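Counting in the working numbering, the sequence shown runs from 1 upward without gaps.
Idealized CB from N, CA, C, for every residue including glycine.
In this text the structure is predicted, and so the values were computed from the model without any measurement.
Read the structure below first, then the notes.
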Amino acid sequence: MRRLVGLCLVPFAMLVLASTAAWAANSSAQIVNCPPASGCFTPNPIQIKVGDSVSWMNSGSITHTSTSDTGAWDTGPIASGATSSAVSFNTAGTFAYHCSIHPSMTGTVIVSAVAATPAPTRPPVSRLAQGGGGPLLPVAAGLLLAGFGLLALGNRRRHQSKRV
Ligand SMILES: [Cu+2]
1 MRRLVGLCLV
11 PFAMLVLAST
21 AAWAANSSAQ
31 IVNCPPASGC
41 FTPNPIQIKV
51 GDSVSWMNSG
61 SITHTSTSDT
71 GAWDTGPIAS
81 GATSSAVSFN
91 TAGTFAYHCS
101 IHPSMTGTVI
111 VSAVAATPAP
121 TRPPVSRLAQ
131 GGGGPLLPVA
141 AGLLLAGFGL
151 LALGNRRRHQ
161 SKRV
């Protein structure tokens, strides 16, 4: 019995894993020139979901960093035209960061929790199939049978009237 329950859980676990994997995405934040400041992070704040990652692309003309205020991450120097490695965010929350070269440059990453129900990402067709087509299938079959019955009746009447 326990093995049966375990076997039933395997596809469920795979479904959960597959759906979370589909959600994980890499967002690209940019560092741009914005005089008179040395540079600016954009978008700011950047909004992502738990499991997503952020890469900072330096479109500005001088080197910057993305450094967490709490030490959670530090990309190190990102030269002009370069992109940092991806930083993953696995917990929801608001994370402040700055440029360690230009401390007045600040930004925020807002990580929101992943919705508990994955329903919106699935087509409604799969839900219909799970219920065996719902009440629509027997109704359609009944109408089809009634239609055939009427046709047969009509044919018979036509034959009878020909005979008379
Ligand atoms: Cu900087």
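Problem - Member of H98, N58, T108 whose CA lies at the smallest distance from the CA of I48 - result: The shortest Cα separation from I48 among H98, N58, T108 belongs to T108.
Practice task
Go ahead and label S66 buried or exposed: buried means 16 or more other beta carbons lie within 10 angstroms of its beta carbon, across all protein chains shown.
Solution key: S66 is buried by the Cβ-count criterion.
Practice task
Closer than 6 Å by C-beta to S88: which residues in its own chain qualify, once you throw out the five before and the five after it? Chain order, please.
Solution key: For S88, where only same-chain residues beyond five positions count, the Cβ hits under 6 Å are S53.
Exercise for the section: Taking all protein chains shown into account, decide if S85 is buried (16 or more other Cβ within 10 angstroms of its Cβ) or exposed. Expected result: Exposed.
Handout entry: Own chain, CB closer than 6 Å to V10, minus 5 neighbours either side, in chain order
Key = Annotation note: pLDDT 46 at V10 (below 50); position unreliable, coordinate value reported separately. Spatial neighbours of V10 in its own chain (CB-CB distance under 6 Å, excluding positions within 5 residues in sequence) are not present.
Practice task
With DSSP collapsed to three states, give me the class of A37.
Solution key: A37: strand per DSSP, three-state reduction.
Handout entry: Extent of the continuous beta strand (DSSP E) run through I101
Key = Premise fails: I101 is in no beta strand (DSSP E) and is neither H nor E.
Problem - Distance between G76 and V111 (C-alpha atoms, nearest Å) - result: Here the alpha carbons of G76 and V111 stand approximately 22 Å from one another.
Problem - Backbone CA spacing between S80 and T63 [nearest angstrom] - result: For S80 and T63, the distance between alpha carbons rounds to 5 Å.
Exercise for the section: Find the nearest neighbour of D69 within the set S59, V50, T94, A24, judged by alpha-carbon distance. Expected result: Taking the Cα of D69 as reference, the smallest distance to any Cα among S59, V50, T94, A24 is reached at T94.
Handout entry: By C-beta, the residues closer than 6 Å to any heavy atom of ligand 1, given in chain order
Key = A distance filter of 6 Å between CB atoms and the heavy atoms of ligand 1 selects the following residues in sequence order: S38, G39, H64, C99, I101, H102, M105.
Practice task
Report the three-state DSSP secondary structure of A115 (helix, strand or coil).
Solution key: Looking at A115 - three-state DSSP - the assignment turns out to be coil, as it is neither helix nor strand.
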